[in-house]
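Read the structure below first, then the notes.
Residue numbers (this note's numbering): 51 to 439.
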């Protein structure tokens, strides 16, 4: 099989983003697929040192090349990044077009890649919705005629694909408020390369941690006349959790958050950039944690989307128990000693108590969930079967 995988690694050259997208590359290659990685977003590139965006792609391209060389040395010569001026870095444009024409699957992860005509030559083009409720809200707004030109362009790009996947595993269920907008959404999960996340003993004195963006830039999704928010909305509901448990709680936050107020409530506050700059920084932060305690975006929670985080899957793979706000994922992923879904502060506290009572058992269960539900080869094989079958 030949697969083209798109992503945002050069666009956002930080460790957490690299793990999110490149484990697709690794998963397909582990199945014996010939893989090309393509990045063509039409966006400026984030400069993590300057903390701003720039049209200059050099930093992002170098980060992508070095990261691929480390994770998948066989990918040398099989990747490309298009800058906003049309310049191709890595593979030449003609080689990219040939790779797409020969591809069995063009997998547009997060829908970040422009679906240019040469890319459509793949046998099947697939849109992978990593932001459930946001994607569908765009389409619903266009269908209702309440949109602008940019939203219309984005909606047309989404609908131009042949098949549609979503990390919102609960979409289509009776209690899910995410509209299907006339599309048959196929559920999928995040691929985790288990060998990249070895289990080590959980540090006894370490905190339960998480990494989050306080508030996102895209327009909040409106579904059925209701405007939904980001993690800032949900975090406020659980602000006093540190005062209700003997476990230490820590949040590595990106964005303009009320850090002093969060710290005053008992949280240890870190800068997300410090813990996710490189592949190792991100992985070390996860494995240096006792486990994860995390809320989700209000848009995921209130709509019962079923979304689950790649970050949380990495905690599980590392044998780190997770206490996560329920988005509806508990209907699809087996909860137990190492994975707890909560809707109230009392449930989160009870979950932390249960983990503390038998931490070793919780760690074993966490890893078993990752092996059963997120193993990269299994996820990518199902993607191929569901896309091409």
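Glycine included, every Cβ here is placed at the ideal spot set by N, Cα and C.
Quick one: measure Cβ to Cβ for residue i and residue j, integer angstroms, because I've assumed they're closer than 8 Å.
i, j, result
"residue 285", "residue 345", "5 Å"
"residue 161", "residue 221", "Not a contact, Cβ separation roughly 15 Å."
"residue 388", "residue 416", "3 Å"
"residue 303", "residue 322", "6 Å"
"residue 71", "residue 58", "6 Å"
"residue 121", "residue 76", "6 Å"
"residue 66", "residue 332", "5 Å"
Within the continuous beta strand (DSSP E) that includes residue i, where are the two ends?
i, result
"residue 109", "Taken as a continuous stretch (DSSP letters only), residue 109 belongs to no beta strand (DSSP E), being part of the alpha helix (DSSP H) at 108-121."
"residue 262", "261-263"
"residue 320", "318-321"
"residue 227", "Per DSSP, residue 227 belongs to no beta strand (DSSP E) and is neither H nor E."
"residue 97", "95-97"
"residue 88", "84-89"
"residue 302", "300-304"
"residue 55", "52-56"
"residue 269", "That residue, residue 269, is in no beta strand (DSSP E); it is neither H nor E in DSSP."
"residue 373", "372-375"
"residue 391", "389-392"
Tell me where the alpha helix (DSSP H) around residue i begins and ends.
i, result
"residue 69", "65-80"
"residue 219", "It is not in any alpha helix (DSSP H) - residue 219 carries neither H nor E in the DSSP assignment."
"residue 399", "395-407"
"residue 329", "329-337"
"residue 351", "348-352"
"residue 434", "426-438"
Please tell me whether residue i and residue j are closer than 8 Å, where the distance is taken between their beta carbons.
i, j, result
"residue 241", "residue 429", "yes"
"residue 278", "residue 197", "no"
"residue 364", "residue 336", "yes"
"residue 56", "residue 159", "yes"
"residue 131", "residue 60", "yes"
"residue 217", "residue 358", "yes"
"residue 212", "residue 171", "no"
"residue 234", "residue 214", "yes"
"residue 356", "residue 219", "yes"
"residue 163", "residue 86", "no"
"residue 68", "residue 117", "yes"
"residue 253", "residue 186", "no"
"residue 373", "residue 398", "yes"
With a threshold of 7 Å, establish whether the CB of residue i neighbours any heavy atom of the ligand HEM.
i, result
"residue 304", "This structure simply doesn't include the ligand HEM, nor any ligand for that matter."
Notebook entry, point to check: For the stretch 129-208, which segments carrying the beta strand (DSSP E) assignment without a break, of at least 3 residues, lie completely within its bounds, in sequence order?
Noted result: 129-132, 138-140, 155-159 and 174-179
Notebook entry, point to check: Do the stretch 168-185 and the stretch 100-108 make contact, defined as three or more Cβ pairs closer than 8 Å?
Noted result: no
Notebook entry, point to check: Are there three or more Cβ pairs, one per stretch, closer than 8 Å when the stretch 361-372 is compared with the stretch 269-289?
Noted result: no
Check: Would you call the stretch 379-389 and the stretch 242-255 in contact, with 3 or more CB pairs under 8 Å?
Finding: no
Check: Are the stretch 392-407 and the stretch 263-277 in contact at 8 Å, needing three or more beta carbon pairs?
Finding: no
Check: Three or more C-beta pairs closer than 8 Å, one from the stretch 107-119 and one from the stretch 85-98: is that the case here?
Finding: yes
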